[in-house]
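First up is the structure itself, then whatever we jot down about it.
Number of protein chains: 2
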Amino acid sequence: MDLIRYIQDNQENHLNELKEFLRIPSVSAKSEHKADVQRAAKWVADNLRAAGLDNIEIHDTPMHPIVYGESLKAPGKPTLLIYGHYDVQPAEPLELWTSPAFEPTVRNGNLYGRGTADDKGQTHIHLKAIESLMRVYGRLPINVKVMIEGEEEVGSKSLEDFLAKNRKKLDADALVLSDTSMLAPGVPSITYGLRGLNYFQLEITGAAQDLHSGVFGGAAPNPLTILAELIAKLHDRNGRVTVPGFYDDVASLPRAERKALNSLPWKEKDFRKTVGARDLNGEKGFTVVERLWTRPTLEVNGIWGGYIGEGAKTVIPSKASMKFSCRLVPDQDPKTITRLVEKYIRGLLPKTVTAKFEVLSTGKPWAAPYTHPIFQTAQKALEEGFKKKAVFIREGGSIPLVTQIYDTFKVPCVLLGFGLPDENAHAPDEHIRLENYFGGIRAVALFYQKLGEMQAAPAR
Amino acid sequence: MDLIRYIQDNQENHLNELKEFLRIPSVSAKSEHKADVQRAAKWVADNLRAAGLDNIEIHDTPMHPIVYGESLKAPGKPTLLIYGHYDVQPAEPLELWTSPAFEPTVRNGNLYGRGTADDKGQTHIHLKAIESLMRVYGRLPINVKVMIEGEEEVGSKSLEDFLAKNRKKLDADALVLSDTSMLAPGVPSITYGLRGLNYFQLEITGAAQDLHSGVFGGAAPNPLTILAELIAKLHDRNGRVTVPGFYDDVASLPRAERKALNSLPWKEKDFRKTVGARDLNGEKGFTVVERLWTRPTLEVNGIWGGYIGEGAKTVIPSKASMKFSCRLVPDQDPKTITRLVEKYIRGLLPKTVTAKFEVLSTGKPWAAPYTHPIFQTAQKALEEGFKKKAVFIREGGSIPLVTQIYDTFKVPCVLLGFGLPDENAHAPDEHIRLENYFGGIRAVALFYQKLGEMQAAPAR
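Here is the structure:
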């Protein structure tokens, strides 16, 4: 039977199975969802087994399990390490979802639900591509090692240890994963650059306890104001991060690459519409595409302190807190940046307060030479699967795994993105376009098929 | 029977009854406590009846009831309007209370619980002073109109209407209330000045929905940063509020008053210890006492936005919010200040965001001529009740009722404070010193007895 025909005929089965996967609220950041995360790991393991993979394992870690399966029955053919993650972001604020976050729902050609785009839907594309090849040909044209983790949204800490301890077992000619986006609808894309991510939390304390703003206001330090004054000092009027040394290791963008990125079929008008704010902002001297993909940032992700309930409470709180993060670009080093940021912040705070600075996670930036043969094969498969021209792009997000793998194995990493930038990954009403989900299964199956026509170790 | 002896003999009864009152979580700011607030109103009405007052009423309002009772059987003697409030501040953060907020507990000579100092404990002092006079003499030496409201912590909105509609019924020679603090332990105090309070809420919106900080970070406006940058502009480096015109109507402090205030037995060392921060701050050019009692402020009372749960979420939120308030001093006008603050804030915000500015409550500042005879009588009663020298002070807090009453009736307002500045009103572990609670009952009973020796309308 024809591969593409088989995939076409099984669309409904694939979609129903994905919905089942999405219904498990595997939120890795929240301890109350620990059992759900484990349930999702078991679901993945069962699915790998059903697809025909061997040596399925649910590998326990100090936090959330890593699921592994393999098929190594194509001697002389390339071996791929295929990565995905089954954990998802928290769904809050729940009241802003049109349909519930964990009840996947199709509307207007989109599948809505937490994890549809990031990353259950995209992980499922690979599982179904493998399964389809197995069903149609009775075996895979290449060797695969599939590794699906449960900590991507909280920094992939356990993975580092797993990679180090299983270096030989995981060895491959290339890494393949789908946790990124297409540039735009109808533009299949291969991502060759990602930003790194350092995530911090800061708590500052003024008075020993909350104070009445009437009795104490005017003479007691207000940590909310002091935190705000700190944040206001973290960017200059040109939108540049003021942390000394922050930009020192940023590699300058080659002229040709800069031109290529700015020539992509990417429309600022569409981006503005997706954001939906009255205007954009950012670092002066760079285009929006450059700001998003090639420049580092410092963003506050959450802030809280004092009375935030209904009505009025006249309090000067003891504490104020924020979560904030830096997106990093080559060749910034996460450890150096952490040191610079903490030192700068401690130096800016007045002596009226004390500060607790925590590093919640760190991740390196990454960029690949996209002229390598495996990238060309991927491009051809995408063009055939989608019947559209495929492009090479960078992304502003972070996948710590990519740098970890690259640092461990020094093999090419091929990032095939089937999401879209306006699909609300990390926000309410996350969704994936069904045509990209189905097109993704076709393209990935074709990619694996085409790689089967190459000899082993195309990457070395 | 001797009045003081009777009060002494009934300390245990009084305390047990107060605990019953404190167990009702009458949080006026939270709609979920509406029934509790009504229960507290009923408790007050029953208590007034038991004390021997007549014409008890629970007066319904659009928000929370006002309880009224009177005794008008002393012809030719002064008539007092006695005010208190039975509503309390929210108890959050609950985890910081040593014993639960609504389970009153005695430790080290203090009674702990929400409302002990502000204002159930102090209101109860007046109820028990009246009851004691009734029990000992069979009648009151003066005429009293007792009015206990349930919206003090949320701006006393309904009271304005109640005063306007019952102008004649509430007419009196003076207003007496206890919702303030003693200057220090062992220093009985009469408060002659209060700050006003305008309470605001601001919500700013950037993107139409929450955004992924990787995909959008660097080019989309971050309302958290923008809110912080706004807050940072609200004070200058000398701790002065930067709102244009903010200080225009502030009356300058007479030299003699300034000297008197700075000569009070008030110790900055103790204040620093109470605050418990590493240092104080505030407006340059003024002593701490002056900053607290005679200078206006702008304080952020709460701030929130983005992800504030456990772990990390890489989000650029759509919205950021804050609650903030201005303490006002004579002769600032709350309406003018509201207009100036809103205009200034809207002008400071960048065009990337929209803003919703709300006024939650407003209240005028107040200061009285403390040389009036009724103040001298109060001072004598305090000195006799506490066996200590009593002083005249100002306070930084706000009691909107005082200005409302003053504007309506133009009669003296006598503020007898039995709290202490370190008793955590509005914070966890709120408490009142038992010796001040019991001393308060003695002093207030003596005050009413001494006023009975005067002729009617001592104030006019």
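Protein chains in written order, with the working numbering: chain A, 883 to 1342; chain B, 883 to 1342.
Where is the CB? At the ideal position from N, CA and C, for every residue including glycine.
Since the model is a prediction, treat every value here as computed from it, not as a measurement.
Annotation for Ile-1108 of chain A: no beta strand (DSSP E) segment contains it, though the alpha helix (DSSP H) segment containing it runs 1105-1114. Annotated as distal: Ile-1185 of chain B and Gly-1096 of chain A, with beta-carbon spacing of 8 Å or more. Per DSSP, Lys-1027 of chain A is one residue of the beta strand (DSSP E) stretching across 1025-1031. Under the three-state reduction of DSSP, Gln-890 of chain A is assigned to helix. Think of a sphere of 8 Å around the beta carbon of Val-919 of chain B: no beta carbon from chain A falls inside it, the nearest being about 12 Å out. With the rule of 3 Cβ pairs closer than 8 Å, the segment 928-946 of chain B does not count as touching the segment 979-986 of chain B. Runs of the beta strand (DSSP E) lying entirely within the segment 1153-1228 of chain B, each at least 3 residues long, are 1179-1188 and 1201-1210 in chain order. Interface residue (Cβ-Cβ distance to chain A less than 8 Å): Lys-1002 of chain B is not classified as such. Residues of the segment 1014-1043 of chain B with a Cβ closer than 8 Å to any Cβ of chain A, in chain order: Glu-1035, Val-1036 and Gly-1037. Judged by DSSP in its simplified three-state form, Lys-1238 of chain B adopts strand. Burial state of Ser-953 of chain A is buried, judged by a 10 Å Cβ sphere holding 16 or more other Cβ atoms. Against chain A, the beta carbon of Ile-1113 of chain B has neighbours under 8 Å at Leu-1106, Thr-1107, Ala-1110, Glu-1111 and Ala-1114, listed in chain order.
Judged by their CB atoms, Leu-1093 of chain B and Ala-911 of chain A are not nearer to each other than the 8 Å cut-off.
Fewer than three pairs of CB atoms, one per stretch, sit closer than 8 Å, so the segment 1123-1141 of chain A makes no contact with the segment 1125-1135 of chain B. Inclusion of Leu-962 of chain B and Val-1026 of chain B in the CB contact set at 8 Å is warranted, their separation being smaller than that value. Residues of the segment 1148-1170 of chain B with a Cβ closer than 7 Å to any Cβ of chain A, in chain order: Val-1157, Gly-1158, Ala-1159, Arg-1160, Asp-1161, Leu-1162, Asn-1163, Gly-1164, Glu-1165 and Val-1170.
Distance from Pro-960 of chain A to Ala-1056 of chain A at the Cβ level is roughly 7 Å; contact confirmed, criterion being Cβ atoms closer than 8 Å. Arg-1276 of chain A sits in a strand when the DSSP states are folded into three classes. Nearest Cα to Asn-1144 of chain A within the set A:Ser-1243, A:Asp-1289, A:Arg-1276 and A:Val-1028: A:Arg-1276. Taking a beta-carbon distance threshold of 8 Å, Gln-1214 of chain B does not count as an interface residue toward chain A. Interface criterion met: the Cβ of Asn-1306 of chain B is under 8 Å from a Cβ in chain A. For the segment 1189-1203 of chain B, the residues whose beta carbon sits under 9 Å from a beta carbon of chain A are, in order, Tyr-1189, Ile-1190, Gly-1191, Glu-1192, Gly-1193, Ala-1194, Lys-1195, Thr-1196, Val-1197, Ile-1198, Pro-1199, Ser-1200, Ala-1202 and Ser-1203. The contact set of Val-1182 of chain B on chain A, defined by CB atoms closer than 8 Å, consists of Asn-1104, Leu-1106, Thr-1107, Ala-1110 and Gly-1188 in chain order. Look at Trp-1248 of chain A here: in three-state DSSP terms it is strand. Between Met-1064 of chain B and Leu-1302 of chain B, the C-beta gap is smaller than 8 Å, which places the two residues in contact. Closest option to Asn-992 of chain B, judged by alpha-carbon separation, among B:Lys-1271, B:Phe-1320 and B:Ala-1325: B:Phe-1320.
Annotation for Leu-963 of chain A: the continuous beta strand (DSSP E) segment containing it runs 961-967.
Taking a C-beta distance under 8 Å as the contact criterion, Phe-1206 of chain B and Glu-1165 of chain B do not qualify as a contact pair. Under DSSP, Asp-1001 of chain B forms no beta bridge with any residue. The alpha-carbon of Pro-1023 of chain B is positioned some 48 Å away from that of Ala-1159 of chain B.
For Asn-1080 of chain B, the beta-bridge partners assigned by DSSP are B:Cys-1208.
When the Cα atoms are used, Leu-930 of chain A and Leu-1009 of chain A turn out to be separated by approximately 7 Å.
Annotation for Pro-972 of chain A: Val-909, Ala-911 and Lys-912 place their beta carbon closer than 7 Å to its own, counting only its chain and skipping 5 residues before and after. When Cβ-Cβ separations below 8 Å define contact, Tyr-1081 of chain A makes contact with chain B. Beta bridge pairing from DSSP links Ile-1314 of chain A with A:Leu-993. The beta carbon of Phe-1300 of chain A sits no closer than 8 Å to any beta carbon of chain B.
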